[in-house]
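Residue numbers for the sequence shown follow the numbering used here, beginning at 221 and rising by one. Don't be surprised by glycine CBs; every beta carbon is placed ideally from N, CA and C. Computed from a prediction, not measured in an experiment: that's the story for all the values here. Below: one structure, written as structure tokens.
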Amino acid sequence: MDDHTADAVAGGFDESVAKAVNEVWAQPNPTLAEMQNQPVATAEGLLRTFRFNNLPSTQIGQAHAEMGGALAHPSPDMPARRYVAWWEVRNQRMAANIRASFADREIDRSRMSCGRIRLRLSHWCRS
């Protein structure tokens, strides 16, 4: 289901995009810090980590830090916004692939497990 045809959008990325995105990632991110401090050494800890990482509050916190940080990055050429554009194109194509998989039949529900993009994909697939 992962759709890397959107990688063509990233094909023109230059060093300014990498520099801007790395600057965004270097900013303090409490959600990411909490994600990294989750226990993963045991099966129970790993399950707890999976559940924590998929909480709406965790997903939203990470999106605000990464995508919000990229959109607000103070560079005159706005290279970090190109990263956001690539990410959105990729997500929309994945949502389209999911929707196409059940377009010819009526179903009430589908299950998605896509990591941090799950909330966004769920929204697009409902529309």
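Near Asp297, what residues of its chain come up, given a Cβ to Cβ distance below 8 Å and the 5 sequence neighbours on each side ignored? So the qualifying residues of the chain are Ser236.
Would you identify the three-state DSSP class for Val237, choosing helix, strand or coil? Three-state DSSP puts Val237 in a helix.
Backbone secondary structure at Asn311 - three-state DSSP: Helix, per DSSP.
Measure the alpha-carbon distance for Gln256 versus Phe272 and round it to whole angstroms. Straight-line measurement puts the Cα of Phe272 at about 11 Å from the Cα of Gln256.
With C-beta atoms as the reference, is Val309 less than 8 Å away from Val229? Closer than 8 Å, so yes.
DSSP three-state call for Thr225: helix, strand or coil? When DSSP states are grouped into helix, strand and coil, Thr225 belongs to the helix group.
On the CB-based measure, 16 or more other CB atoms within 10 Å of its CB, does Trp307 come out buried or exposed? By the neighbour-count criterion, in which 16 or more other beta carbons inside 10 Å mark a residue as buried, Trp307 falls on the buried side.
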